[in-house]
Amino acid sequence: MRIKVNKSACTGCRLCRQICTIYHFDEINPRKAALRIEAKFPEPGTFRPWVCTQCGKCAEACPEGAITEKGGIYYVNEEKCTSCMDCLDACPFDVMFVHEDVPYPIKCDYCWKCTEVCNTGAIVRVD
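In this note's numbering, the protein residues as written are -1 to 125.
In structure tokens form, the structure reads like this:
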């Protein structure tokens, strides 16, 4: 299963970012969301969602082996992670990041919550 992004359908409502942080951090803090919405200017109302493609580049770059794959999805092992940030540099889509309140890099774990709240079809779950 994968997350498919239909960029032309995104309205920029950012509900996906809110549900992501509610589910993972029990708070509404879009800066901790494991996906990002890029506003395309100068075209007002044009947005582009970015979600981890599970390419594995982060795992390849991790010297500690703290990013592992299970069922095609890559997870950060918080206990093994030393916060060296090599994974951030390796991410080709700039969707792995660090937040000052979280001691390890944040990445999408395909919890599917964003696909459940997106009512425009911009972010969908595909088999």
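For each residue, glycine too, the CB sits at the ideal point set by N, CA and C.
Apart from the five residues just before and just after residue i, which ones in its own chain have a Cβ nearer than 7 Å to its Cβ?
i: N27; result: T19
i: E25; result: T19
i: Y102; result: V74, E76, C79, S81
i: C109; result: Y21
i: I121; result: I1, V3, C14, P47, V49, C112, T113
i: Q16; result: I26, P28
Count the other CB atoms within 10 Å of the CB of residue i; is the residue buried (16 or more) or exposed (fewer)?
i: T113; result: buried
i: C8; result: buried
By Cβ distance below 6 Å, which residues in the same chain neighbour residue i in space, the five residues on each side in sequence not counted?
i: N75; result: A64
Would DSSP call residue i helix, strand or coil?
i: K68; result: strand
i: F23; result: helix
i: P47; result: strand
Quick check: the Cα distance between residue i and residue j, rounded to an integer number of angstroms?
i: V100; j: R12; result: 21 Å
i: F39; j: P61; result: 38 Å
i: F45; j: E58; result: 30 Å
i: C56; j: A37; result: 25 Å
i: G70; j: E41; result: 36 Å
Residues in its own chain within less than 8 Å of residue i by CB, not counting five upstream and five downstream?
i: C116; result: L13, C14, V122
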